[in-house]
DNA sequence: GTCTGCCTCGTACTTAAGTATGATTTTAAT
DNA sequence: ATTAAAATCATACTTAAGTACGAGGCAGAC
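Chains as they are written, first to last, in our numbering: chain A, 206 to 346; chain B, 206 to 346.
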């Protein structure tokens with residue numbers, strides 16, 4: 206954001222300098238003022254398009270990263286606990302129950318218990334459905 | 206897209222007209238040419254920002270709806286066949302192998318064969334991974 | 001014709017997933 | 001201190017998923 210603004214400022218300054226150098230004293234008397242204005246208009250329009258695009262992009266790119274403190278309202282509604290959610294996340298990444306157990310330093314049976322409760326809370330039968338459902342509800346990215 | 210370009214053209218025309226009306230004959234002798242240029246630069250920069258933002262937004266919004274005739278290039282690269290892709294789609298929707306078999310009017314064992322080949326082509330071990338991978342590759346929405 | 005790739009199906013097996021039940025421990029709230 | 005929810009683990013079981021063959025049919029390429 207600040208970088209874009211800075212760059213825009215730089216671009217502006219550069220353009221101004223160029224304009225000064227190519228000054229009207231050499232041009233305006235040869236070409237008409239209209240042409241001169243058209244050139245300026247074009248340059249600044251281009252600069253504006255560039256700056257506008259940059260700004261929009263910055264905000265657009267930030268969203269996917271930021272809109273996840275997750276939908277904690279829906280999370281509460283479902284009654285999913287902290288641990289169950291962690292299991293859900295790893296599940297969504299395609300890990301097996303055993304892998305999840307290893308990552309969370311608990312036993313396989315613990316994970317199975319969590320998944321069973323999780324499925325019941327999400328009202329699904331299989332892990333693939335659970336992942337799909339969780340994404341629908343914006344519980345996971 | 207065309208609408209934005211049209212609007213931009215209109216904006217340009219309007220600005221040009223305004224400039225003509227407020228013509229230098231009335232202004233340039235009072236204010237310096239630099240100030241006049243600054244005004245023009247500002248106006249066109251603003252116009253550019255607006256147009257640029259519009260254009261970006263249009264393309265960004267179009268993407269989620271349109272970017273699906275699916276990425277057929279990557280599909281070919283993986284060597285996934287038509288039938289395998291159908292299985293993949295249903296799999297991603299959370300269906301079991303039996304459900305997929307019913308929907309496609311083939312036997313369970315056929316689906317198992319497809320999934321096995323599919324996993325090998327996607328270089329994964331489990332269906333949850335397959336779905337994740339396929340989404341990464343933009344093979345499915 | 002022959003070959004190749006795809007789709008189909010079956011059987012047999014191994015492994016993972018999911019369910020049910022019960023129990024202990026931790027943690028936080030009252 | 002009591003209670004309740006969450007987290008942990010185990011055992012036993014059922015079902016689904018995944019693997020490894022083999023094999024027949026079928027369409028298009030050579």
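Heads up, the beta-carbon is just placed ideally off N, CA and C, and yes, glycines get one too. Please read all numbers here as calculations on a predicted model, not as lab measurements.
Asked, Found
"Segment limits, alpha helix (DSSP H) that includes residue 319(A)", "313-327"
"Beta-carbon contacts of residue 326(B) that lie in its chain and below 6 Å, excluding the five residues immediately before and after", "283, 284, 285"
"Interface residues of chain A facing residue 287(B) [CB-CB closer than 8 Å]", "In chain order: nothing, as chain A lies at least about 22 Å away."
"6 Å Cβ shell around residue 332(A) - same chain, five flanking residues per side excluded", "296"
"Chain A contact for residue 318(B) (CB, 8 Å cutoff)", "no"
"Chain B contact for residue 303(A) (CB, 8 Å cutoff)", "no"
"Residue 340(B), DSSP secondary structure in three states", "helix"
"Residues of the region 320-337 of chain A whose Cβ lies closer than 9 Å to any Cβ of chain B, in chain order", "329, 330, 331, 332, 333, 334, 335, 336, 337"
"Which listed residue (298(B), 292(B), 310(B)) has its alpha carbon closest to that of residue 318(B)", "292(B)"
"Range covered by the alpha helix (DSSP H) that runs through residue 305(B)", "302-309"
"Under the three-state DSSP convention, the category residue 330(A) falls into", "coil"
"Distance CB(residue 323(B))-CB(residue 289(B)) smaller than 8 Å", "yes"
"Chain A contact for residue 299(B) (CB, 8 Å cutoff)", "yes"
"Residue 321(A) versus residue 309(B): straight-line alpha-carbon distance, rounded", "29 Å"
"Buried versus exposed, by CB contacts within 10 Å (16 or more), residue 234(A)", "Bear in mind that the predicted position of residue 234(A) carries a pLDDT of just 48, short of 50, making it too unreliable to give a figure here."
"Burial state of residue 337(B), where buried means 16 or more other Cβ atoms lie within 10 Å", "buried"
"Cβ shell of residue 313(A) (< 8 Å), same chain only, five flanking positions each side left out", "302, 303, 306"
"Cβ pair residue 334(B), residue 299(A) closer than 8 Å", "yes"
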